[in-house]
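Comments concern the structure below.
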Amino acid sequence: MPMRRVFLVFMVLAGWAASSQAADLVVIASSDPSIKVGVVIDGVRPMRVAAGASVVMISSAGKTIKLSGPYSGAPDTSASSSDRQLVDSLSRLITEEAKSPTTLAVFRGGLKPLPTGRPDIWGIDIAREGNYCLRPDRPAMLWWAAARSGAVVGFASTGDNARSARIKWPRGKRYVAWPKELTLSDGGTYVARFWSEDNGEQLHTVLMPNLATDAHRAAWMAEHECTRQALRVLAAIGKEEL
Numbered sequence: 708m709p710m711r712r713v714f715l716v717f718m719v720l721a722g723w724a725a726s727s728q729a730a731d732l733v734v735i736a737s738s739d740p741s742i743k744v745g746v747v748i749d750g751v752r753p754m755r756v757a758a759g760a761s762v763v764m765i766s767s768a769g770k771t772i773k774l775s776g777p778y779s780g781a782p783d784t785s786a787s788s789s790d791r792q793l794v795d796s797l798s799r800l801i802t803e804e805a806k807s808p809t810t811l812a813v814f815r816g817g818l819k820p821l822p823t824g825r826p827d828i829w830g831i832d833i834a835r836e837g838n839y840c841l842r843p844d845r846p847a848m849l850w851w852a853a854a855r856s857g858a859v860v861g862f863a864s865t866g867d868n869a870r871s872a873r874i875k876w877p878r879g880k881r882y883v884a885w886p887k888e889l890t891l892s893d894g895g896t897y898v899a900r901f902w903s904e905d906n907g908e909q910l911h912t913v914l915m916p917n918l919a920t921d922a923h924r925a926a927w928m929a930e931h932e933c934t935r936q937a938l939r940v941l942a943a944i945g946k947e948e949l
């Protein structure tokens with residue numbers, strides 16, 4: 708085979724090998740206007756971060772990478788081929804949700820928190836209907852922003868064999884443990900009532916499997932319609948709170 712052809716074949720194979728080892732990263736937070744949140748980049752390709760700016764990325768293995776400007780170089784030289792499912796899932800979540808001005812504040816300009824800054828990201832806001840994804844390795848917690856000392860809140864499961872429980876809210880607390888009288892089930896629906904004539908807030912619980920990283924948990928939450936929680940997890944990762 709002529710040397711020129713051998714060289715071309717070598718270059719093609721080298722390029723293929725490099726692309727197969729690309730360390731895909733998704734940008735979850737950026738204060739650099741030239742680097743957009745949600746974009747997927749190749750971690751072995753050089754990039755620049757402006758002076759005074761910062762960028763936070765997550766790899767396909769769930770690793771968090773933070774760059775502070777001025778920076779110039781490859782963000783992740785430990786290139787390793789891995790499943791892009793995590794990166795693609797987070798990119799899709801951020802891209803879709805960042806269209807909202809409120810949500811966009813989470814990812815830009817100092818990583819501002821979402822309006823409901825509960826102390827427990829993994830807990831249940833009993834005054835807000837919706838899906839709540841719960842970790843298997845932590846007790847389920849109930850959060851009430853407008854908690855009143857001594858107030859009694861009723862909880863009831865729905866469907867066959869429905870059960871109920873009442874919690875007298877303790878002084879100085881905004882969150883308490885899930886009532887032992889109610890079995891917490893995957894796909895369960897529970898109603899929180901703040902007075903006798905209250906129609907209540909419907910709370911839907913989804914039990915998470917054991918997952919490797921908080922980034923994987925955020926992606927799983929998004930896929931199971933716990934979008935608000937997923938965004939809070941990403942915001943916390945960006946602020947190095949997790």
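For the sequence shown, my numbering begins at 708 and goes up steadily by one. Virtual Cβ for every residue (Gly too), placed ideally from N, Cα, C.
Rounded C-alpha distance that separates residue i from residue j
| i | j | result |
| --- | --- | --- |
| Y882 | M848 | 6 Å |
| T784 | N917 | 29 Å |
| K770 | T920 | 8 Å |
| V747 | K946 | 20 Å |
| I742 | V733 | 11 Å |
| Y778 | G861 | 54 Å |
| L949 | H923 | 13 Å |
| G894 | R791 | 28 Å |
| P877 | A884 | 11 Å |
| R835 | P753 | 44 Å |
| L906 | L938 | Contrary to the premise, residue 906 reads as Asn rather than Leu in this sequence. In a straight line, the C-alpha of N906 is about 29 Å away from that of L938. |
| K875 | V762 | 45 Å |
Contact under 8 Å by Cβ, residue i with residue j
| i | j | result |
| --- | --- | --- |
| D739 | V756 | yes |
| I801 | V744 | yes |
| G780 | S766 | no |
| L914 | P846 | no |
| E932 | S796 | no |
| E888 | R870 | yes |
| I944 | I772 | no |
| P886 | A863 | no |
| C840 | Q909 | no |
| H911 | G837 | yes |
| L793 | A926 | yes |
| G879 | W850 | no |
Residue i, enclosing alpha helix (DSSP H) - first and last residue
| i | result |
| --- | --- |
| I944 | 934-945 |
| L800 | 792-804 |
Environment of residue i [buried if 16+ CB atoms lie within 10 Å]
| i | result |
| --- | --- |
| A858 | exposed |
| A853 | exposed |
| D832 | buried |
| E803 | exposed |
| R855 | exposed |
| L818 | With a pLDDT of 42 at L818, under the threshold of 50, the modelled position of this residue cannot be trusted; read the value that follows with caution. That one is buried. |
| S903 | exposed |
| A942 | buried |
| T934 | buried |
| S892 | exposed |
| V940 | buried |
Continuous beta strand (DSSP E) stretch holding residue i: start and end
| i | result |
| --- | --- |
| T771 | 771-775 |
| L949 | From DSSP, L949 is part of no beta strand (DSSP E); its letter is neither H nor E. |
| N838 | 837-841 |
| W851 | Counting along the chain, W851 falls outside any beta strand (DSSP E), and DSSP gives it neither H nor E. |
| A863 | 859-864 |
Beta strand (DSSP E) runs contained entirely in the segment 874-929, provided each spans 3 or more residues: 882-884, 895-900, 908-914
Can you check the segment 728-763 for any beta strand (DSSP E) of at least 3 residues that lies completely inside it and give the ranges in chain order? Here the runs fully enclosed are 731-737, 747-749, 754-756.
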